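Taken in order, the sequence shown gives residues 1 to 116; the numbers are from UniProt numbering.
Ideal Cβ positions, reconstructed from N, Cα and C, are used throughout, including at glycine.
The model shown is predicted, which means the values in this text are computed figures rather than measured ones.
Read the structure below first, then the notes.
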Amino acid sequence: MKGKNHSRTMSYPNIIKLNVGGTVFQTKKSTLTRVASSFKVPIETNSPFEKDEAGCILIDRNPKHFPLILSYLRDGVVELPDDKKEIREIRREADAYKLDHLHVSMKRNLGKTYNT
């Protein structure tokens, strides 16, 4: 099974695997460097990342909202939930990944409810 072999990413330098809180995500290097974030400079400068036993970049965060973070990095937009608790969690994730543009987008879309 080719999809299970994490070391194959070595042959594909534009594919990056991330272990976020125990869940593995795969994306393109260009996705992670598209906008200013905690990923951009380390990836562009080939700085070393802490990696797991399978060679995935280890990110010590809850994976719950990472699909939304990746969607934002890919498309520049996200579909936000209605739940205020979820929005606060996403704001914390945006802080953790240094996604200032995501904050701006969320504030523009949510208006006054953004800070609640």
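Query raised in the report: How many whole angstroms separate the CB atoms of residue 70 and residue 31, which I take to be in contact at a CB cut-off of 8 Å?
Result: Indexing the sequence shown from 1 puts residue 70 at position 70. Indexing the sequence shown from 1 puts residue 31 at position 31. Indeed, because the Cβ distance is near 7 Å, the residues count as touching under 8 Å.
Query raised in the report: Just the Cα atoms here: how many angstroms apart are residue 61 and residue 82?
Result: By 1-based counting over the sequence shown, the position of residue 61 is 61. By 1-based counting over the sequence shown, the position of residue 82 is 82. Those two C-alpha atoms are separated by around 22 Å.
Query raised in the report: Can you tell me whether DSSP reads residue 24 as helix, strand or coil?
Result: For this step, residue 24 is matched to residue 24 along the sequence shown. Strand, per DSSP.
Report task. Identify whether residue 84 lies in helix, strand or coil by the three-state DSSP scheme. Result -> Translated into positions along the sequence shown, residue 84 becomes position 84. The DSSP-derived three-state label of residue 84 is helix.
Query raised in the report: Contact check, residue 29 vs residue 14 under 8 Å by CB: the rounded distance?
Result: The residue labelled residue 29 in the question sits at position 29 within the sequence shown. The residue labelled residue 14 in the question sits at position 14 within the sequence shown. Right, their Cβ atoms sit about 5 Å apart.
Query raised in the report: Going straight from the alpha carbon of residue 104 to that of residue 22, what length do you get?
Result: Start at 1 with the first residue of the sequence shown, and residue 104 comes out as number 104. Start at 1 with the first residue of the sequence shown, and residue 22 comes out as number 22. So the two alpha carbons sit approximately 29 Å from each other.
Requested in this report: Pull up the distance between the alpha-carbon of residue 87 and that of residue 19, whole angstroms please.
Outcome: Taking the first residue of the sequence shown as 1, we reach residue 87 at position 87. Taking the first residue of the sequence shown as 1, we reach residue 19 at position 19. Between residue 87 and residue 19, the C-alpha separation is close to 23 Å.
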